[in-house]
Amino acid sequence: MLGLADEPIVSSDIIQDPHAAIVDLRMTRVVDGDLVKVLAWYDNEWGYAGQMVREAARLAR
Numbered sequence: 348m349l350g351l352a353d354e355p356i357v358s359s360d361i362i363q364d365p366h367a368a369i370v371d372l373r374m375t376r377v378v379d380g381d382l383v384k385v386l387a388w389y390d391n392e393w394g395y396a397g398q399m400v401r402e403a404a405r406l407a408r
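Residue numbers (my numbering): 348 to 408.
What follows is the structure, given as structure tokens:
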């Protein structure tokens, strides 16, 4: 469950964000024509907890 950010973002913008990670589109680049550099932000505790809730809901089905 990735989120996307297409505007400037700083670490405080993602505190308690439920996504596993937020991909920073402005900082994602193609390098040397065949390598993609992806920059993603995440809130370690909140993102992990959110992922565990999603997984528990999936297993409960």
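We put the beta carbon where it would ideally sit given N, CA and C, even for glycine.
Residues sharing a beta bridge with residue i, DSSP
| i | result |
| --- | --- |
| ARG405 | Paired residue(s): none; ARG405 is not in a bridge. |
First and last residue of the uninterrupted beta strand (DSSP E) at residue i
| i | result |
| --- | --- |
| GLY350 | 349–352 |
| LEU382 | 382–384 |
| VAL378 | 376–378 |
Coarse secondary structure for residue i, derived from DSSP in three states
| i | result |
| --- | --- |
| ILE369 | strand |
Spatial neighbours of residue i in its chain, beta-carbon cut-off 7 Å, leaving aside the 5 residues before and after
| i | result |
| --- | --- |
| LEU372 | LEU351, ALA352, ASP353 |
| ASP390 | ILE361, ILE362, GLN363, ASP364 |
Same chain, Cβ closer than 8 Å to residue i, five either side skipped, listed in chain order
| i | result |
| --- | --- |
| TRP393 | ILE362, GLN363, ASP364, PRO365 |
Interface flag, residue i vs chain C, CB-CB below 8 Å
| i | result |
| --- | --- |
| ILE362 | Looking at the structure shown, chain C is missing, and only one protein chain is on hand. |
Under 8 Å between C-beta atoms of residue i and residue j
| i | j | result |
| --- | --- | --- |
| ILE369 | ALA396 | no |
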